[in-house]
Amino acid sequence: MSFKASPSVSAAPWRFVPAAVPEWEQPRHPPEWLTLDRHSARPFKVNRADAEEAACCLRSLGSDRFGLEFAEDLVYEVRCGRRAWMILFNRDCLQADSVGRLARHKATPVVVASRSEQTGEYSISYLALSSPGEREGEVQLSIFRTTGRLVFGGTARVAGECASFSIQAVSRPGAFAIELAGRFEERSLVIETALSSPGIVVPKREPVAE
Amino acid sequence: MKRLSAAAKCIGLSGRFGVVADFFGHRTKAAKQLGVAAQMRLLQGHHLPLNLIRTDTFDIDLQQEIDFGLKTMRRIYATVNIGIGRVQRYVVPPGHEVIAGHDEADDLWDEYSVPNAAIDVFLVRVIPGGVNGISPTGGTCDKSSKDDSGCVIDMQDGSDGVGFTLGQLIAHEVGHYLGLPHEDELPDNLMYPKVPNGGRLYGGQGGSMVLHCAIEPGCNL
């Protein structure tokens with residue numbers, strides 16, 4: 001990364017801002033999910049983040065938070081190969097009955113932040129949006145890049161204050177497959193499956209030679 | 001002529017080829033005195049192939065500036081005895097002219113790549129905000145991996161009319177791709193965080209760059 005002679009403006013002023021679109025809709029056509037080949041799949045780690053790194057993440061987000069406030073004591077780290085991401089929980093979605101409310105109202109329960117290798121600063125890379133499913137207690141999960149591209153998604157099932165979820169990748173050029181399943185209960189994330197394909201499973205598009 | 005053909009063959013050219021368009025990868029004849037002998041000497045050492053992928057329609061002035069930029073980059077890398085090998089030109093369909101930050105850069109190189117061993121350098125109209133280039137530090141050589149597989153260059157910021165800034169900008173981002181970190185304390189160094197800068201590379205940096213898997217061994221001419 002290189003900087004302009006007088007860096008002054010936020011790096012991404014035109015981003016997709018779901019916080020400003022309270023009545024966002026799920027994609028009109030259901031996405032095509034990528035199936036993970038479990039024989040070649042590799043595990044990735046989801047653990048509680050180191051408190052210092054979590055604080056660094058929240059601090060470096062500054063005001064670039066899509067209008068959300070995050071729980072400072074509930075940050076998880078995802079590690080996959082060389083890359084690492086921070087899972088941040090929307091504080092509003094951690095109130096009493098908040099898990100149950102996911103099945104009744106749209107929400108942005110989680111965002112995922114990534115760290116720039118060059119600046120060491122974090123920025124939000126993914127937004128997990130939820131909306132009530134068609135069946136009682138069911139929640140649709142859609143995980144978008146901040147560019148608006150849907151990349152992961154799945155469903156959750158809410159029972160009392162426990163939400164069991166499973167997440168897959170959306171098929172698109174250059175996509176890799178994942179399988180992430182677990183539950184959220186008592187302010188804690190319990191991961192049961194965290195697997196990803198070793199590389200991309202949908203070929204990238206080829207630029208045209210000129 | 002025989003050595004030129006051997007050098008061309010070494011960088012993947014076969015049959016009839018044009019010196020300006022194919023051997024140097026230029027699209028205009030604006031950059032004079034390309035230095036065939038110097039280029040052949042550099043190809044006998046470590047060298048680096050590039051894919052320049054435009055995401056926008058560039059007029060003739062910008063095409064010329066890209067050529068001047070290539071010449072600048074060749075000059076910078078030559079100071080650490082690294083040549084720029086074959087440079088191929090590509091274009092992607094509309095929709096990626098403006099890259100608003102690292103996420104959109106990720107989306108771009110996640111979606112597109114040239115299936116060859118060269119580093120993919122995406123030339124975009126503009127990166128809004130305070131950044132004029134984006135690259136991973138130590139980019140992948142396996143474009144089917146999940147890792148970042150390209151770098152993105154802001155043509156609007158890179159443009160100074162003579163290719164000096166653009167050449168530095170491409171050299172800087174490719175430097176990251178080859179594993180170089182920023183040199184915050186060295187304003188005359190190519191890897192100083194702000195571009196344009198002094199544009200210097202030190203021997204140790206060159207020694208580190210040639211260890212990257214995208215660097216090709218010298219041609220036997």
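Protein chains in written order, with this note's numbering: chain A, 1 to 210; chain B, 1 to 221.
Ideal Cβ placement from N, Cα and C applies to all residues, glycine included.
Starting from residue i and walking both ways along the alpha helix (DSSP H), at which residues does that stretch end?
i      : result
B/V174 : 164 to 177
B/H47  : Here B/H47 belongs to no alpha helix (DSSP H); instead the beta strand (DSSP E) covers 47 to 54.
A/V213 : Not covered by the structure: residue 213 of chain A. The range shown for chain A is 1 to 210.
A/F66  : Run containing A/F66: none; DSSP gives neither H nor E here.
B/V131 : No alpha helix (DSSP H) holds B/V131; the beta strand (DSSP E) holding it covers 131 to 134.
A/S171 : Counting along the chain, A/S171 falls outside any alpha helix (DSSP H), and DSSP gives it neither H nor E.
B/D106 : 102 to 111
B/L222 : Summary: the structure shown does not reach residue 222 of chain B, with chain B confined to residues 1 through 221, and so no result is reported for it.
A/C57  : 51 to 61
B/R3   : 2 to 10
B/D157 : 155 to 158
Given that a residue counts as buried once 16 or more other Cβ atoms are within 10 Å of its Cβ, and exposed if not, what is residue i?
i      : result
A/M1   : buried
B/K143 : buried
A/E136 : exposed
A/I200 : buried
B/V19  : exposed
B/L123 : buried
B/I60  : exposed
A/V21  : Here the model assigns A/V21 a pLDDT of 47, short of 50, so the residue's position is not dependable and the matter cannot be decided.
B/H182 : buried
B/K2   : exposed
B/Q168 : buried
B/V131 : buried
A/A177 : buried
What residue does the beta strand (DSSP E) around residue i start on, and which one ends it?
i      : result
B/L123 : 119 to 124
B/G85  : 83 to 91
A/F89  : 83 to 90
B/A202 : According to the sequence provided, residue 202 of chain B is Tyr. The question's Ala does not apply to it. Per DSSP, B/Y202 belongs to no beta strand (DSSP E) and is neither H nor E.
A/S188 : 188 to 196
A/E77  : 70 to 80
A/C93  : Per DSSP, A/C93 belongs to no beta strand (DSSP E) and is neither H nor E.
A/W127 : Per the sequence presented here, residue 127 of chain A reads as Leu, with Trp not at that position. Start and end: 122 to 132.
B/I66  : No beta strand (DSSP E) contains B/I66, which is instead part of the alpha helix (DSSP H) from 60 to 78.
B/C141 : Run containing B/C141: none; DSSP gives neither H nor E here.
A/Q140 : 138 to 145
A/S154 : Correcting the residue type first, residue 154 of chain A is Gly in the shown sequence and not Ser. Here the beta strand (DSSP E) through A/G154 covers 150 to 159.
Under 7 Å Cβ-Cβ, which residues of chain A neighbour residue i?
i      : result
B/L169 : S2
B/I119 : Chain A residues near B/I119: none, gap ~13 Å exceeds 7 Å.
B/D157 : K4
B/V126 : What B/V126 touches in chain A: nothing, since even the nearest Cβ is about 11 Å away.
B/P115 : E206
B/I66  : Here the premise fails: no neighbours, minimum Cβ distance about 12 Å.
So which residues of chain B does residue i contact, with C-beta pairs closer than 7 Å?
i      : result
A/I200 : S144, K146
A/G174 : D110, E111
Residues of chain A with CB closer than 9 Å to the CB of residue i, please, in chain order.
i      : result
B/Y90  : E206, P207, V208, A209, E210
B/V195 : S2, F3, K4, A5
At 8 Å on the CB atoms, spell out the chain D contacts of residue i, in chain order.
i      : result
B/S135 : Any reference to chain D falls outside this structure, whose protein chains are A and B.
Name, please, each residue of chain A whose Cβ falls closer than 8 Å to the Cβ of residue i.
i      : result
B/H172 : S2
Checklist entry - Can you find at least 3 beta carbon pairs, one from the segment 146 to 154 of chain B and one from the segment 181 to 196 of chain B, that sit closer than 8 Å? => result no
Item to check | Residues in the segment 104 to 124 of chain A having any Cβ partner in chain B nearer than 9 Å | outcome: S114, S116, E117, Q118, T119, S123, I124
Checklist entry - If you pair each beta-carbon of the segment 34 to 45 of chain A with each one of the segment 188 to 198 of chain A, do three or more pairs fall below 8 Å? => result yes
Next on the checklist: Using a Cβ-Cβ cutoff of 8 Å, what residues of the segment 140 to 153 of chain A are near chain B? List them in chain order.
Outcome noted: R145, T146, T147, R149
Next on the checklist: Can you pull out the residues from the segment 55 to 84 of chain A whose beta carbon lies closer than 9 Å to at least one beta carbon of chain B?
Outcome noted: C80, G81, R82, R83
Item to check | Stretch pair the segment 63 to 81 of chain A + the segment 8 to 22 of chain B: three plus CB contacts closer than 8 Å | outcome: no
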